[in-house]
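Undergrad: Residue numbers (my numbering): 100 to 396.
We treat Cβ as the ideally placed atom computed from N, Cα and C, and that holds for glycine.
Structure incoming, see below.
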């Protein structure tokens, strides 16, 4: 659920809702009172409206990753952890092997989905991927006590669109964070000692009840940011059988299942179920028209 405090943002999400309906996606605009009923933690004093998609959800990334790995193993894959790709051998314009810290793997195809590190992998075959790493941080709170008894079990993942402050249930507590605009590009994953204070300043306005909760943990990770904040997806032409999927700019987790089907079809030489040509890496070098992502959090 997106809480909206600016007329132009309300108009943006009203247009998005119309697009959702064209594709039979359940989506609706809520009044401030309706938004507060769904999430009593939300301060709606200056909220004009909210966007709500009831079929949306969230889950723990580690559980999904383990599920994918288990599924891959059932279908015959070998999953190597803590192994670094150090190079790609090419002969006659074709991939012949991937060099790793654990030895050489003979292969005729490579899928570059290395996230923030995808430019390094791309460079192994002379491919330029304009992806930059951007740190994002979050915090986990202590369990909700009796003071939060009014918060429904199905409280939606809530985002204050103008500030990017967000929170949702995580176990018996909450997970919360925001996109710190002062963060510079880079691979630094150190925790910002001022992050809780910065988050608290945003919460004081949009969700002051969050300030009643103590923190029990948190972590920092990397977005793989593309210039237009849209995925970079396709198959490279200069070296045969080099597929790539990167630059998701924070949307990779939710797009992952569809991206998997697209990469499968590309590998098999089939036409994907959706036209991915606008997402080609070539769009940044050919001077084509870009369509920057609007809803950046």
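Need the endpoints of the beta strand (DSSP E) that residue 126 sits in, please.
TA: Here residue 126 belongs to no beta strand (DSSP E), and DSSP marks it neither H nor E.
Undergrad: Can you give, in chain order, each stretch of the alpha helix (DSSP H) that sits fully within the stretch 148 to 201 and has at least 4 residues?
TA: List check, alpha helix (DSSP H) in window: 160 to 173.
Undergrad: Would you mind reading off the limits of the beta strand (DSSP E) that contains residue 239?
TA: Its beta strand (DSSP E) spans residues 231 to 240.
Undergrad: Can you name the residues that DSSP bridges to residue 100?
TA: Answer by DSSP bridge pairing: none, since residue 100 is not bridged.
Undergrad: Using 8 Å for Cβ pairs, my map puts residue 277 next to residue 257. What's the rounded Cβ distance?
TA: Residue 277 to residue 257, Cβ: 12 Å. No contact.
Undergrad: Report all residues from its chain with a CB closer than 8 Å to the CB of residue 310; omit the five preceding and five following residues, and keep chain order.
TA: Hits under 8 Å: 299, 302, 303.
Undergrad: Can you grab the Cα-Cα spacing for the pair residue 139 / residue 327, in whole Å?
TA: Each residue's alpha carbon lies about 35 Å from the other.
Undergrad: So the alpha helix (DSSP H) residue 363 belongs to, where does it begin and stop?
TA: Looking at the DSSP string, the run of the alpha helix (DSSP H) that includes residue 363 is 351 to 367.
Undergrad: Leaving aside the five residues before and after residue 116 along the sequence, list all residues of the same chain whose C-beta is less than 8 Å from its C-beta, in chain order.
TA: Closer than 8 Å at Cβ, skipping near neighbours: 126, 127, 128, 150.
Undergrad: Assuming residue 315 contacts residue 240 (C-beta within less than 8 Å), just tell me the rounded distance between them.
TA: That pair is a contact at about 7 Å.
Undergrad: Please state whether DSSP places residue 256 in a helix, a strand or coil.
TA: Residue 256: coil per DSSP, three-state reduction.
Undergrad: Please classify residue 108 as buried or exposed, where buried requires at least 16 other C-beta atoms within 10 Å of its C-beta.
TA: Its Cβ being crowded by 16 or more others within 10 Å, residue 108 is buried.
Undergrad: For the beta strand (DSSP E) that contains residue 305, what are its first and last residues?
TA: Per DSSP, residue 305 belongs to no beta strand (DSSP E); it is in the alpha helix (DSSP H), 294 to 305.
Undergrad: Looking at C-beta atoms only, is the number of pairs between the stretch 269 to 285 and the stretch 237 to 251 that lie closer than 8 Å three or more?
TA: These segments touch.
Undergrad: Can the beta-carbon of residue 344 be found closer than 7 Å to that of residue 362?
TA: Yes, the Cβ-Cβ distance between residue 344 and residue 362 is below 7 Å.
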